[in-house]
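**Student:** Following this note's numbering from start to finish, the sequence shown increments by one per residue and tops out at 136.
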Amino acid sequence: MSTATANETKTIPWESTLRRALAVQEIYLQHKHEGVMNTFIYRRFVKPQVPISERTFQRYLEIPAKKLLRKYYNYED
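This is the structure in structure tokens:
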């Protein structure tokens, strides 16, 4: 993990969660066009590839996954 203190570690999402969120965000960006609803993208493209609920899908879209991976896990594109 990182060199964060015990208190900071509680607020850092797990690396696997961030990687999953990043994968979901990439799928979302591939299919997001004007007039296409998030629910459609979730049901048609995300749900078959990543077994998560629609609420989790919405949460993953809110996470700055790439930024957090770079900061805490030395992630490179």
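All residues carry an ideal CB built from backbone N, CA and C; glycine is no exception.
Excluding five sequence neighbours on each side, which residues of the same chain lie with their C-beta closer than 6 Å to the C-beta of glutamate 113?
**Tutor:** So the list reads Tyr101, once near-sequence residues are dropped.
**Student:** Here's the rule I'm using: 16 or more other beta-carbon atoms within 10 Å means buried, otherwise exposed. How should valine 95 be labelled?
**Tutor:** Under this definition valine 95 is an exposed residue.
**Student:** Check for me: the alpha helix (DSSP H) holding valine 83 runs from which residue to which?
**Tutor:** Residues 74–90.
**Student:** With valine 109 and arginine 79 assumed to form a contact (beta carbons below 8 Å), what rounded beta-carbon distance in angstroms separates them?
**Tutor:** At roughly 7 Å, the Cβ-Cβ gap stays under 8 Å, so valine 109 and arginine 79 are in contact.
**Student:** So is phenylalanine 99 buried or exposed if we call it buried at 16+ other beta carbons inside 10 Å?
**Tutor:** Phenylalanine 99 should be labelled exposed.
**Student:** In the DSSP assignment, find the unbroken alpha helix (DSSP H) run with phenylalanine 99 in it and report its ends.
**Tutor:** 97–100 is the extent of the alpha helix (DSSP H) around phenylalanine 99.
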